[in-house]
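S.K.:
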Amino acid sequence: MSRINRTVIAALLATAGVALAQQPRSAVEEIERYRAALGDGNPAELWEARGEALWKEKRGPKNASLEQCDLGLGPGVVKGAYTVLPKYFKDTDRVEDLESRLVSCMVSLQGFSPEQAKKDPFGGPGKKVPMDALVAYITSESRGMKMNVQTTHPKEVEAYEVGRKIFYFRGGPHDFACATCHGADNQRIRLQDLPNLRKTSDAQKAYASWPAYRVSQGEVRSFQWRLYDCFRQQRFPELTFVSPASIALTTFLAKNSNGGTLEAPSIKR
Amino acid sequence: MKNNITIVVLGIASAVAVGCASMSHNDEAALGAKALELMKASFHEQGQAKLDRLDQDEVQKVCSEYNGDRKIPKDVADRLEKAELATIKYPADGKYVGDWKNGERIAQSGVGMQFTDTAGAATGGNCYACHELTKAELAFGTIGPSLYNFGKTRGYTPEVQKYAFGKVYNSEAFSACSNMPRFGHKGILSEQQIKDVVALLMDPSSPVNK
Chain A
1 MSRINRTVIA ALLATAGVAL AQQPRSAVEE IERYRAALGD GNPAELWEAR
51 GEALWKEKRG PKNASLEQCD LGLGPGVVKG AYTVLPKYFK DTDRVEDLES
101 RLVSCMVSLQ GFSPEQAKKD PFGGPGKKVP MDALVAYITS ESRGMKMNVQ
151 TTHPKEVEAY EVGRKIFYFR GGPHDFACAT CHGADNQRIR LQDLPNLRKT
201 SDAQKAYASW PAYRVSQGEV RSFQWRLYDC FRQQRFPELT FVSPASIALT
251 TFLAKNSNGG TLEAPSIKR
Chain B
1 MKNNITIVVL GIASAVAVGC ASMSHNDEAA LGAKALELMK ASFHEQGQAK
51 LDRLDQDEVQ KVCSEYNGDR KIPKDVADRL EKAELATIKY PADGKYVGDW
101 KNGERIAQSG VGMQFTDTAG AATGGNCYAC HELTKAELAF GTIGPSLYNF
151 GKTRGYTPEV QKYAFGKVYN SEAFSACSNM PRFGHKGILS EQQIKDVVAL
201 LMDPSSPVNK
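Protein sequences, first through last, are from chains A and B. Note that my numbering has the first sequence beginning at 1, numbered continuously upward. Note that my numbering has the second sequence beginning at 1, numbered continuously upward.
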């Protein structure tokens, strides 16, 4: 992503923003077209390439690659794996989403300590982290495929139901729950459209668009990041990376998106 | 807690067996307890955002139960509204209307109380995030109703001024399980700031009423 490209995008977004203010609906369509036009050159490809190299690279105290990691469809199967996550894993005896599964494999296969594996969950200015790249690579291997999360194991059922309770949990100084902003049709914060995550069509579209390259941040953001930053705006304390509540909530949202076609890593403002 | 977890799992299993629609109140309560336990273990304190933000008061607890297609029963709503109404501290000087220009700044600002915000710094009300207020500001949200011409349509009376102050102070006193924060009750805005927001809504010279 060159500086020039970023400037061009910023200018386009600014233009789109002005248009949006004047003509809310048609401008949203304009932004969709703009996204589609950008789709061919999504900078997330750089993360995907780095992630694929990291997946195959011998790392950690055991000097091993992640290639034998079981992401849900058997050891080493990457294609389509993201569409079945989160899922119960027998070896760890718990439900794991993509990020927590990667942590488990970094520990079991590569010999990292859990603390080391979780140390840098999100990239930032001047800091590129392996987790973002691995997430970009693995999700890109499910692009175009339909989400298909199952809740057959009792712990999967429990994660989904607990996730539902978390979705409706009101707390903090502002009384906000996820449902405050994502529980009704056709709502906006300022000019930002809000998906109604109680409704299948919205849930499919929203979940299937993560992870995403955020133009405004110059980073690929994972679904763990999406939840982390939503809770920050909810005025909750800081969500711990790959924590049980984050996985439960992800299970709820991911299963509700079943049937939706994964478009990720996508590109967002 | 070990017992509770077992109960949850059994509850879920039976609910699945007979269809999830029949998830009983006890199952929901056990799930709620499990969710809270997980959340307490899944967040950590950061800056001004301490873990006690997960401790729900009565409104938060009850409104977390009634959601989606489960509408709050009237007797429960009446009980909550009565209790919340009693929390409202109306200005001792009897004046509800401050400076609308400052109210506009408060309505524009979403700063405050996130773990990335500086503790103790002046907070905003972020009214525009959810409401249309003036015709000049086009970037308004739609979670709440339009408040354009608020005073003009309702009349610039002391009764409406008092209602506006109370509504901003504690929205739950007038509409149980409203999505709107309780700005006064939760200490998000000061009394003077609420007066300024009321002025934005109620001053005849405010752009809200133009």
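Every residue, glycine too, gets a C-beta built ideally from N, C-alpha and C.
1) B/T140 versus chain A: which residues are under 9 Å apart at the beta carbon?
2) Is it buried or exposed, A/N42, if we count other Cβ atoms within 10 angstroms and call 16 or more buried?
3) Would you list the one or two residues that DSSP bridges to A/A212?
4) Please list the terminal residues of the continuous alpha helix (DSSP H) segment that includes A/D193.
5) Are the CB atoms of A/T240 and A/P86 within a distance shorter than 9 Å?
6) Is A/K268 close to chain B, meaning its C-beta is less than 9 Å from at least one C-beta of that chain?
7) Is the Cβ of A/A243 closer than 9 Å to any Cβ of chain B?
8) When you check each C-beta in the segment 106-131 of chain A against every C-beta of chain B, which residues fall closer than 9 Å?
9) Taking the C-alpha atoms as reference points, what is the distance between A/Q192 and A/A184?
10) Is there contact here, the segment 195-202 of chain A with the segment 164-184 of chain A, by at least three beta-carbon pairs under 8 Å?
11) Apart from the five residues on each side of it in sequence, which residues of its chain come closer than 6 Å, Cβ to Cβ, to A/D97?
12) So B/L201 packs on B/F140, CB below 8 Å; how close in whole Å?
13) Does any residue of chain A bring its CB to less than 9 Å from the CB of B/T87?
14) Output, in chain order, the set of chain B residues within a Cβ distance shorter than 7 Å of A/T180.
15) Go through the segment 85-152 of chain A residue by residue and report every complete run of the alpha helix (DSSP H) that reaches 4 residues or more, in order.
16) Measuring CB to CB, does B/T123 end up less than 9 Å from B/H185?
17) Establish whether the CB of A/K90 and some CB of chain B are separated by less than 9 Å.
18) Taking Cβ-Cβ distances shorter than 7 Å, what residues in chain B pair up with A/T139?
19) Thinking A/K255 and A/Y168 are a contact (beta carbons under 8 Å), I'd like their distance in whole angstroms, please.
20) Output the distance between the C-alpha atoms of A/R188 and A/F176, rounded to the nearest integer angstrom.
21) Determine, using beta carbons only, whether A/Q150 comes closer than 9 Å to chain B.
22) Alpha carbon to alpha carbon, how far is A/C178 from A/I166?
23) Please list, in chain order, the chain A residues whose beta carbon lies closer than 7 Å to that of B/S64.
M.R.: On the basis of the data shown:
1) According to the sequence displayed, residue 140 of chain B carries Phe and not Thr. The contacting residues are R188, R190 and L191.
2) buried
3) A/R221 and A/S266
4) First-last for A/D193: Q192 to L194, but that is the beta strand (DSSP E), not the alpha helix (DSSP H).
5) no
6) no
7) Correcting the residue identity first, residue 243 of chain A is Ser in this sequence and not Ala. True, the Cβ-Cβ gap to chain B drops below 9 Å.
8) none
9) 14 Å
10) yes
11) L85, P86, I247 and T250
12) Not a contact, Cβ separation roughly 14 Å.
13) no
14) N179
15) 98-108, 114-118 and 130-140
16) no
17) no
18) Simply none; closest approach about 23 Å.
19) Contact doesn't hold; Cβ gap of about 16 Å is too wide.
20) 15 Å
21) no
22) 8 Å
23) Y168, F169, R170 and A177
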